[in-house]
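The sequence shown begins at 10 in the numbering used here and counts up one residue at a time. To start, the structure itself, in structure tokens.
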Amino acid sequence: MADNDAEQPAGNRANRGLSAHGSGPLRGAAKIPGDKSISHRALMLGALAVGECQIDGLLESDDVLRTAAAMAALGAEVTQTGAGQWRVWGRGVGGLREPEDVIDLGNSGTGARLMAGLLAGQGFNTVLTGDASLRSRPMARVTVPLTKMGARFVGRGGDRLPMMVMGSSDLQPITHEQSVASAQVKTAVLLAGLHAPGETSVIEAAPTRDHTERMLRHFGAQVGVSGDGGNGRKITLTGQPELAAQAVRVPGDPSSAAFPAVAGLLVPGSEIRLPGLCRNPLRAGLYETLAEMGADLAWEAKREEGGEPVGDLVVRAGPLRGIEVPASRAPTMIDEYPVLAMAAACAQGSTVMRGLGELRVKESDRLGAVARGLVACGVDVEEGDDHLVVHGKGTPPPGGGLVASALDHRIAMSFLVLGLVSQKPVAIDDGEPIASSFPGFVSLMRGLGADLRGAAA
Ligand code: S3P
10 MADNDAEQPA GNRANRGLSA HGSGPLRGAA KIPGDKSISH RALMLGALAV GECQIDGLLE
70 SDDVLRTAAA MAALGAEVTQ TGAGQWRVWG RGVGGLREPE DVIDLGNSGT GARLMAGLLA
130 GQGFNTVLTG DASLRSRPMA RVTVPLTKMG ARFVGRGGDR LPMMVMGSSD LQPITHEQSV
190 ASAQVKTAVL LAGLHAPGET SVIEAAPTRD HTERMLRHFG AQVGVSGDGG NGRKITLTGQ
250 PELAAQAVRV PGDPSSAAFP AVAGLLVPGS EIRLPGLCRN PLRAGLYETL AEMGADLAWE
310 AKREEGGEPV GDLVVRAGPL RGIEVPASRA PTMIDEYPVL AMAAACAQGS TVMRGLGELR
370 VKESDRLGAV ARGLVACGVD VEEGDDHLVV HGKGTPPPGG GLVASALDHR IAMSFLVLGL
430 VSQKPVAIDD GEPIASSFPG FVSLMRGLGA DLRGAAA
């Protein structure tokens, strides 16, 4: 993805548009690319381990390839050995080397936040940057705890990228109480904690995705998890372990699967199967919500692969009803609200989504982008500071909107899903951001029967 996309005149982006048109039933099986969160973590922990780490099913999207390039720039040996097959030869905790150039993480907030944690404990300086979307995202959530541990940061405007990370080879352990429910922040602190002596803890009021904890254990680190008495958790890592390289198998990404799954629920007559998805309970909120809305979906062949629960998802189209989504569920479906809003636009009745403040600081202001896009497609919505209400009529929405994807892959894919079931086509101005998480989205959807048109794929 080119830098400065948002600054380009609309004319230069004209050939990147895509449109979605009313489609016949979606049918068949589709293999969803590897999980983005797990892929980033596998590359980073592989680089901090001693020995050769084989990764199977790595997501080869722009975000993750940026992390792969970053780990190579920091001295790990990172090689692709086949489709989705990668080998990382790590340099051990504290063993990375100063990169020769700025590290550009593209569109990836996960890449940037996790990298800040990983670099905090290296005794050298690194400059991180990214595209216009990433350069606008807040980093204080990671720099504040990491500064307490002994790293220093100099960012544009205080806490924005480009940012220099001045690592320390003398980090101190901390106990960090999360002020926002964020797996990125938790992971940044734990990655820094690998370099500090003694115990580093993170206390989270609401549990967030736990791929880091699972993978750290898989690599031999000591990670304890205890309840905090309420619904929260305290995660404690014993610092300065020797991480032993392990094979990692990356399951299909349930956040990417959400787009064909919701399309399959909405387009009449559809039945699709999405095998091998990660069904970690801390990622499963969307599927629980859709089931409450009356969706016909089932998990089959449930199994455990590479330390993560996995299953095959089967969805069949049928009517949905609006519901109130509990705010407490937000951390388990934070990336899925845009596509849930598309399902809500087609459901019978109102769907109320609360506790969405974090959506304002994702790849775009997702709350605003969803609300504006739905209005452009003739859907009745109420947008609050941190809530969204979508009023569905149980019939196909009018559609016909041209939606700005705002450098946001999930906004782009969500509105393409809506266009498959709307009365009139829905267009997005720029399909390129989709490559940050889901390369092959357009051809996968076309393979299921979706009528998607345009050059960007
Ligand atoms: C991620 C955590 C979430 C999510 C992002 C991936 C991760 O961000 O939105 O897409 O891999 O840890 P927050 O931690 O900011 O909620």
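Don't be surprised by glycine CBs; every beta carbon is placed ideally from N, CA and C.
So residue i and residue j are in contact, right, with Cβ under 8 Å, and what is the actual spacing, rounded?
i	j	result
Val151	Gly167	Val151 to Gly167, Cβ: 13 Å. No contact.
Val319	Pro260	5 Å
Val412	Val435	7 Å
Ile420	Gly366	Actually they are not in contact, since the Cβ atoms of Ile420 and Gly366 sit about 17 Å apart, beyond 8 Å.
Ala352	Leu291	That pair is no contact at about 21 Å.
Ala459	Pro406	Incorrect: roughly 17 Å between the Cβ atoms, too far for contact.
Val348	Gln249	41 Å between Cβ atoms; not a contact.
Asp140	Gly115	6 Å
Ser6	Val276	Since the displayed the chain opens at 10 and closes at 466, residue 6 lies outside it and no answer follows.
Pro269	Lys40	Contact flag wrong, Cβ pair sits at about 11 Å.
Gly91	Cys62	With 8 Å as the limit, Gly91 and Cys62 do not qualify as a contact, their Cβ atoms being about 15 Å apart.
Thr119	Gln193	6 Å
Thr217	Ile183	With 8 Å as the limit, Thr217 and Ile183 do not qualify as a contact, their Cβ atoms being about 18 Å apart.
Gly403	Gln357	3 Å
Ser191	Glu372	Their Cβ separation, rounded to whole angstroms, is 15 Å, which puts Ser191 and Glu372 out of contact at 8 Å.
Excluding the 5 residues preceding and the 5 following residue i in the sequence, name in chain order all residues of the same chain whose CB lies nearer than 7 Å to its CB.
i	result
Arg258	Asp65, Gly66, Glu314 and Gly315
Arg455	Leu461
Arg22	Residue confidence for Arg22 is low, a pLDDT of 48 falling below 50, so the modelled location carries little weight and cannot support an answer.
Pro108	Ala82, Leu83 and Thr135
Ser446	Lys45, Ser70, Asp72, Ser265 and His418
Gly159	Ser177, Asp179, Leu180 and Gln181
Asp344	Ser264 and Arg419
Please go through the same chain and pick out, in chain order, the residues whose beta-carbon is closer than 6 Å to the beta-carbon of residue i, but skip the five residues on each side of it.
i	result
Val87	Ala77, Met80, Ala81 and Val97
Val68	Correcting the residue identity first, residue 68 is Leu in this sequence and not Val. Excluding positions up to five away in sequence, the list reads Pro42, Gly43, Lys45 and Ser48.
Val211	His185, Lys195, Val198 and Ile244
His400	Ser359 and Asp389
His30	Pro434 and Asp460
Gly424	Gly is not the amino acid found at residue 424; the sequence shown has Phe there. For Phe424, where only same-chain residues beyond five positions count, the Cβ hits under 6 Å are Gly382, Val412, Val435 and Ile437.
Glu317	Pro260, Cys287 and Asn289
Glu333	Val361
Pro154	His185 and Val198
Ala19	Any reading at Ala19 needs caution, since the residue's pLDDT is 42, under 50, leaving its predicted position unreliable; the model's value is listed next. Taken in chain order, the list of residues that qualify is empty.
Leu453	Ala39
Arg363	Ala336 and His396
Gly303	Leu329 and Arg330
Leu54	Met224 and Phe228
Kindly identify the DSSP beta-bridge partner or partners of residue i.
i	result
Ala307	Val323
Ser313	What sits at residue 313 in the sequence shown is Glu, not Ser. Glu313 is bridged to Pro318.
Phe162	Val174
Ala300	Ala300 pairs with nothing; no bridge assigned.
Ala29	Val435 and Leu461
Leu286	Gly261 and Gly320
Ser235	Lys243
Gln255	In DSSP, Gln255 forms no bridge with anything.
Glu86	Trp98
Ala58	Looking at the DSSP assignment, Ala58 forms no beta bridge with any residue, so it has no partner.
Glu69	Glu69 pairs with nothing; no bridge assigned.
Ala38	Arg282
Lys157	BP columns for Lys157 are empty, so no partner.
Gly91	Gln94
Arg169	Arg165
Ile420	Answer is none; Ile420 lacks a bridge partner.
Val426	Answer is none; Val426 lacks a bridge partner.
His396	Arg363
Asn134	Met175
Lys402	Gln357
Please list, in chain order, all residues of the same chain as residue i whose beta carbon is under 8 Å from its beta carbon, the five residues on each side excluded.
i	result
Ala253	Ala58, Val59, Gly60, Phe228 and Gly229
Arg50	Leu123, Thr196, His220, Thr221 and Met224
Any alpha helix (DSSP H) of 4 or more consecutive residues that is wholly inside the stretch 181-232: Restricted to the stretch 181-232, the alpha helix (DSSP H) segments that are unbroken, complete and at least 4 residues in length are 192-202 and 220-227, listed in chain order.
Going residue by residue through the stretch 327-378, where are the continuous beta strand (DSSP E) segments of at least 3 residues, counting only ones entirely within it? 357-363
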